[in-house]
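A.B. asks: First the structure, which I've put down as structure tokens, then a few questions once you've had a look.
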Amino acid sequence: MLPAQEAAKLYHTNYVRNSRAIGVLWAIFTICFAIVNVVCFIQPYWIGDGVDTPQAGYFGLFHYCIGNGFSRELTCRGSFTDFSTLPSGAFKAASFFIGLSMMLIIACIVCFTLFFFCNTATVYKICAWMQLTS
1 MLPAQEAAKL
11 YHTNYVRNSR
21 AIGVLWAIFT
31 ICFAIVNVVC
41 FIQPYWIGDG
51 VDTPQAGYFG
61 LFHYCIGNGF
71 SRELTCRGSF
81 TDFSTLPSGA
91 FKAASFFIGL
101 SMMLIIACIV
111 CFTLFFFCNT
121 ATVYKICAWM
131 QLTS
């Protein structure tokens with residue numbers, strides 16, 4: 001049987017190792033979520049069809065293209081920098097919230113550098129609230 005101090009030291013070492021592993025996994029999954037979030041925000045077209053179909057067109061979060069059916073030319077509209085070009089209020093709200101989520105998740109990745117300067121529990125709480133909000 002181990003003395004109490006040696007057992008406590010053993011458990012503490014195991015706890016620190018496990019908490020670091022959880023922190024690394026959390027950072028990896030946060031980076032994966034950030035990649036998906038940025039691609040959803042930047043990708044101009046989400047859903048579309050081919051040019052060979054009648055009335056071809058594409059649409060995304062804030063950019064859409066419509067064909068006239070007579071030629072292969074597409075008329076494209078929409079820009080994130082100009083909210084008045086977005087087709088509806090739902091698209092405006094979605095663009096705003098996806099943009100906000102993208103900024104929060106990138107800020108969360110930057111906050112992971114606080115592990116070098118702050119208490120681990122504090123960094124976990126800051127990043128958790130940022131991710132919960134995003």
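Counting from 1, position 10 in the sequence shown corresponds to residue 10 in the numbering used here; the numbering is continuous, with no gaps. Don't be surprised by glycine CBs; every beta carbon is placed ideally from N, CA and C. Note that the structure is a prediction, hence the values are computed from the model and not measured.
For S142, which three-state DSSP category applies?
C.D. replies: Shown here, the chain extends from 1 to 134; a query on residue 142 therefore has no answer.
A.B. asks: Please confirm whether Y136 and R77 have their CB atoms less than 9 angstroms apart.
C.D. replies: Residue coverage of the chain in this structure runs from 1 to 134, which leaves residue 136 outside it and unanswerable.
A.B. asks: Measure the CB-CB distance between S101 and S134 and report whether it falls below 9 angstroms.
C.D. replies: To locate residue 101, count along the sequence shown from 1; it is residue 101. To locate residue 134, count along the sequence shown from 1; it is residue 134. Yes.
A.B. asks: In angstroms with no decimal places, state the Cα-to-Cα distance between I106 and P3.
C.D. replies: Along the sequence shown, one-based indexing puts residue 106 at 106. Along the sequence shown, one-based indexing puts residue 3 at 3. Near 46 angstroms, if we compare the C-alpha coordinates of P3 and I106.
A.B. asks: Per DSSP, which one or two residues make a beta bridge with R77?
C.D. replies: Translated into positions along the sequence shown, residue 77 becomes position 77. DSSP lists Y64 as partners of R77.
A.B. asks: Suppose the cutoff is 6 angstroms on Cβ atoms and the five residues either side in sequence are ignored; what does the same chain contact list for L74 look like?
C.D. replies: Start at 1 with the first residue of the sequence shown, and residue 74 comes out as number 74. C65 and G67, listed in sequence order.
A.B. asks: Please classify T120: is it buried, with 16 or more other beta-carbons within 10 angstroms of its beta-carbon, or exposed?
C.D. replies: Here residue 120 refers to the residue found at position 120 when the sequence shown is read from its first residue. Classification of T120: exposed, given that the 10 Å Cβ count is below 16.
A.B. asks: Out of curiosity, what's the CA-to-CA distance linking L132 and F70?
C.D. replies: Counted from its first residue, the sequence shown places residue 132 at position 132. Counted from its first residue, the sequence shown places residue 70 at position 70. Each residue's alpha carbon lies about 48 angstroms from the other.
A.B. asks: Just grab the DSSP bridge partners of G23 for me.
C.D. replies: As a position in the sequence shown, residue 23 is number 23, starting the count at 1. Answer is none; G23 lacks a bridge partner.
A.B. asks: Just the C-alpha distance for F117 and T81, rounded to the nearest angstrom, thanks.
C.D. replies: To locate residue 117, count along the sequence shown from 1; it is residue 117. To locate residue 81, count along the sequence shown from 1; it is residue 81. Approximately 36 angstroms, taken between the alpha carbons.
A.B. asks: Considering only DSSP beta bridges, list what I47 is partnered with.
C.D. replies: In the sequence shown, residue 47 corresponds to position 47, counting from 1. Answer is F59, bridged to I47.
A.B. asks: Hey, would you say S19 sits closer than 9 angstroms to F62, going by beta carbons?
C.D. replies: Position 19 of the sequence shown, counting from 1, holds the residue named residue 19. Position 62 of the sequence shown, counting from 1, holds the residue named residue 62. No, Cβ-Cβ distance for S19 and F62 is not below 9 angstroms.
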